Amino acid sequence: MTRSLIASSENVDQMDLRERISSEISASNYTCLVCTDYITPTSQIWPCGNCYRVFDLDCIQDWASRGGNTWRCPSCNFDHTKIPKKYTCWCGKSVNPTVNYLEPHSCGNQCSNPLSSCFHDCTLTCHPGPHLDKCLSLGPKMKCHCGKHTNQVLCIDTPYEKGWKCDDICNDLLPCGKHRCQQKCHEGFCDDCKTILPDSKCYCGKTTASIKCEDKLPKRSTSGTNSWIGIYQCENMCEEFLDCGIHKCLELCHAVTKTSHKCPNSPKSLTHCPCGKSNINDLTETPRKSCLDPIPTCNQICGKRLPCGHKCYWNCHTGECAPCYRTVDVDCHCGSTHYSIACKLNIQNYKPKCLTKCNAKFNCRRHYCTERCCSFRKLAFDRANLIKKQLRKNVITNAHVNAIEFETIHTCTKICDQMLSCGKHRCKQTCHPGPCPPCLESSSEDLVCHCGLTIVPAPVRCGTSLPICPFQCTRQKECGHSPEPHHCHEDDITCPKCTTLVTKTCQCEKQKLVANVMCYQTSVSCYLTCNKILPCGVHKCNKKCHKPGECQTKCLEKCNKSKSCGHLCQKMCHAGTLCDEKTPCTEMVRISCKCGRRKQPLFCYVLKQMKDDEKEENPTIECDEICEKERRNKLLIEALGLTSDRAKETQISLKMRAVEEIYTPFVLNVYSKQKVWAESIENIFRKLLSETLETKINSMDNLELKQSYHFRPMKEIQRRFIHELAQAWGFFSEAHDQEPKRSVFIKLLKNSKTPDFSLAEAHQISKDHRVYEQKKAEEKSKMMQICTSGSSNPDNEGIERSNFYNGIVIKDVFFGVTIDKVDSAIHDIWNENDDGKSGNQFGLIKNAKVEYISDSMYVFYDKADISNDLVSTYQKQIVDLSTLFGKRLKEKNLAMKCTPVIIDMENNTITDFMPESDTLLIKEDKLKESIDFLMDNLEDIKIESSNVSSEWW
């Protein structure tokens, strides 16, 4: 009983799973894999019947509704067909069970689910997880195999399939009908009778022997007056005379009867020809009288059914029919080719062989079968396809594939011969799948490190490596310096390179001494330019310090010789040959109108062609209305007798009006912030218009004109700049695609032309106009002060001691820039008085420092006590430093702006900022925000050539 209880104890892992699910739900620590929230005793749940994982009912319903007719468990990927609809207890008997904190989601009744191992039900209380693995109930009463005894044991010990046997003798009557079974109680029918029958007589009666009772086959034999029963066939020939008295019986031992020894060729027995279609009497003139008389044959086809199924096609004949030589279609061994062979060969199971190679993988999965017409070729390929399919669906793993048994012909017999993990020996096993076994070779010598302090005692298995030796390596270096600090290592690992600083000569012909070079360095450079004359005889080698004889083999400099047109040759150096004058010069030149205001860019060779066509030294373009206006304004200024300054101011105002008619304030502001990028866009416009004009001048109407350009995707503020610039040039522009791939497309129109002022010229005019406006405002302010006070004050008296610019605010500091970086970047500017060459440019600023205000704003100030007579000079130095600081910090990508400020030293506060004089006055607030955004995000953009054709989309 103790053994039965132990044998029937439930599986520990399954019991742990049931307890773990119940305890975690009770503690509200069980996680739903769908919503990742905790499942509590008050939650409505659904357990998977395959992996027993528990989910929230709402979560699993939502999960299942997305899967269609068949959905998979989120935990085990088991296929389910029904969507859970109700919340039940673990056993499913109770719907919406009451809350049970001790045993969550349990109805408290017996589980009663049928067990898979027997016909009993689970006896546990309603529970999560798997049911009982082994049944503890009593099994049914079972009789033994012989039916003499009855027994009843536990269900898990009940032998349902094999039954049980007692120790009694079976004693059932055997099939022979005479003897009884002497085996113990056994399963199934009794065996055949093995009793030995001595002196048993054969059928012919010539021999006797002892045979088993199961082998006897009784037959009665009669010879004259003698009669006996033979029970086996001996190996002797009968050799008794037939009834004709001439022939003998050539059969093996057989039962003798009255009809067993009749002669088959006697006239009484043989009445028809061999084919059986004609009567013998009809074929002979005299009837046959003896068995020795010849057997006549007819002239008809034999027609006997052969073993292959065909009929004999020879004429009537005696003896056996000849083999069948009709042709039949059969497949070769591998089944890839069909052949026609004789039917006789087909009966003999002969199959032809084709020349197709098998090419199926051996079980090692490395070599291939080279057998021609392999019988297992189709089987091998079907198996390979099935393995690929199951691997793709994750039904099996590579471990299962390696364990598959292959047919003998596809079992690799080669030696593996792969290098083992030790790296010294090779695998001697037969070629096999998977990794090779570890090397079993070993050494009887101790494994000792170089310093001798770390030892692995023998025997040492092959491939064993020394553990890391914690002691210093003692190997001496060739250079003689002391070794670098590092652990002792094996001989196949090199020591670290020597890093001792020495002085060596450089590798070039100058042979200069270079100090502080690491000892291991073999190639030392002085970093001086070679400057040897190249083979061209004009230019010098630009390579840095290099080994002798490794100068540039090809001159990469430009020719830069003056051509007949006056421009420099831009081709690669071609010393010894003349510059190519046939190739048109593509340098850009400008032609202007007669007054010089309008300018048009052209290629040099286009201008030369215009000179040849018009036969003029300096071709010009026509003046427009603006030119005429400027000419009239000039005459008006001369007539009014205005001063030179006043005339210049008037001209600038007139030019500013022309600029405002061409460019928007937004375009000019973007150009002032990002000149390089804006000029690259302007060059694309100029090149597009120039190439079109050149093609028209050369009358190349048969060629496709490039009349459009597609910019790459860019930000909104960049696209706006291109749109507004296109209006100034008279181009058509539109935006393509959606964000973030939105881009701008431009196209030439009939009225497209180069603006009268380039962006650089317009910016300079705008800048000059602001200077004059500012100067005018200052003069007006001074006049107002004079009118108010009645006298003009000196500069020092006009500035109050506590109200002058005594500090600089550094604004828009880039992310990650520290105070130390800013201080080190600007220190040499305000501290120039330490250098004797610089003089005393900022001598009043002595102990200045940079302080933190916010992440994007720092302040530079000096608490020096300035006398009243030096206030004006001190303020001028602060303003000059602000300009220099701003330029330096912008170049080093540290900050964007620097502005002079008034600092109250007593309260440590900033009271006022100096107004920015070089910022355009833009009325629209949105435009100001766009420019600030551009400053933060716009970078120099590399303009790439466009592959968009001239077709208008």
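Using the numbering used here, the first residue of the sequence shown is number 1, and each one after it goes up by one. Just so you know, even glycine gets a beta-carbon here, dropped at the ideal spot from N, CA and C. Quick caveat, the model's predicted, so the values are computed rather than measured.
Start-to-end residues for the beta strand (DSSP E) that takes in residue i
i: Cys-964; result: Any answer about residue 964 is impossible in this case: the structure gives the chain only from 1 up to 953.
i: Met-610; result: It is not in any beta strand (DSSP E) - Met-610 instead sits in the alpha helix (DSSP H) that spans 604-614.
i: Asn-281; result: Segment 280-283 is the alpha helix (DSSP H) holding Asn-281; no beta strand (DSSP E) there.
i: Phe-745; result: 743-747
i: Ala-735; result: 732-736
i: Ser-223; result: 219-223
i: Tyr-861; result: 857-861
i: Trp-164; result: Looking at the DSSP string, Trp-164 is not in any beta strand (DSSP E), and its letter there is neither H nor E.
Candidates the options, of which the one nearest residue i by Cα
i: Val-54; options: Asp-243, Arg-66 and Ile-39; result: Ile-39
i: Glu-214; options: Val-99, Pro-130 and His-179; result: His-179
i: Leu-138; options: Pro-130, Asp-157, Gly-147 and Thr-150; result: Asp-157
i: Arg-770; options: Thr-257, Met-656 and Arg-305; result: Met-656
i: Lys-775; options: Glu-649, Ser-23, Asn-560 and Ile-626; result: Glu-649
i: Cys-555; options: His-574, Gln-570, Val-850 and Ala-678; result: His-574
i: Glu-509; options: Met-518, Cys-545 and Cys-519; result: Cys-545
i: Met-142; options: Lys-201, Lys-162 and Ser-221; result: Lys-162
i: Lys-248; options: Ile-902, Thr-259 and Cys-263; result: Cys-263
i: Asp-812; options: Lys-512, Thr-208, Tyr-858 and Asp-417; result: Tyr-858
i: Cys-334; options: Tyr-313, Glu-679, Ala-380 and Asn-299; result: Ala-380
Straight-line gap, residue i to residue j (C-alpha atoms, nearest Å)
i: Tyr-30; j: Gln-61; result: 19 Å
i: Cys-498; j: Asn-893; result: 39 Å
i: Arg-20; j: Cys-126; result: 15 Å
i: Glu-734; j: His-723; result: 8 Å
i: Ile-612; j: Leu-725; result: Looking at the sequence provided, one finds Asp at residue 612 rather than Ile. One C-alpha to the other measures close to 35 Å.
i: Phe-376; j: Cys-332; result: 12 Å
i: Asp-904; j: Thr-36; result: 59 Å
i: Gly-434; j: Leu-386; result: 19 Å
i: Cys-118; j: Cys-155; result: 8 Å
i: Glu-478; j: Thr-503; result: 17 Å
i: Ala-255; j: Lys-212; result: 20 Å
i: Cys-204; j: Lys-304; result: 33 Å
i: Gly-276; j: Tyr-339; result: 36 Å
i: Val-744; j: Gln-727; result: 13 Å
i: Leu-252; j: Cys-244; result: 19 Å
i: Asp-823; j: Leu-889; result: 10 Å
i: Pro-104; j: Gln-110; result: 15 Å
i: Gly-230; j: Phe-241; result: 20 Å
i: Ser-465; j: Pro-713; result: 58 Å
Neighbour-count burial assignment, residue i, 16 or more Cβ in a 10 Å radius
i: Glu-371; result: buried
i: Lys-194; result: exposed
i: Arg-288; result: buried
i: Ser-766; result: buried
i: Lys-388; result: exposed
i: His-410; result: buried
i: Ile-810; result: buried
i: Arg-632; result: exposed
i: Lys-747; result: buried
i: Tyr-1025; result: Any answer about residue 1025 is impossible in this case: the structure gives the chain only from 1 up to 953.
i: His-131; result: buried
i: Phe-603; result: buried
i: Phe-78; result: exposed
i: Ile-845; result: buried
Beta-carbon separation (whole angstroms), residue i vs residue j, contact threshold 8 Å
i: Cys-128; j: Pro-47; result: In the sequence under discussion, the amino acid at residue 128 is Pro, which differs from the Cys named in the question. With a Cβ gap of about 6 Å, Pro-128 and Pro-47 count as contacting.
i: His-310; j: Cys-291; result: Rounded, the Cβ-Cβ distance is 32 Å, inconsistent with contact.
i: Cys-122; j: Ser-112; result: 6 Å
i: Thr-271; j: Thr-297; result: With 8 Å as the limit, Thr-271 and Thr-297 do not qualify as a contact, their Cβ atoms being about 14 Å apart.
i: Val-456; j: Ser-443; result: Going by Cβ atoms, the distance from Val-456 to Ser-443 rounds to 10 Å, so no, they are not a contact pair.
i: Ile-878; j: Tyr-805; result: 5 Å
i: Thr-430; j: Cys-416; result: 7 Å
Residue interval of the alpha helix (DSSP H) (run including residue i)
i: Ser-872; result: 871-891
i: Arg-590; result: Segment 588-592 is the beta strand (DSSP E) holding Arg-590; no alpha helix (DSSP H) there.
i: Ile-829; result: 819-830
i: Pro-84; result: Careful: Pro-84 lies outside any alpha helix (DSSP H) and carries neither H nor E.
i: Lys-389; result: 377-392
Any chain D beta carbon closer than 8 Å to residue i
i: Lys-165; result: The question asks about chain D, but that chain is absent: this structure has only one protein chain.
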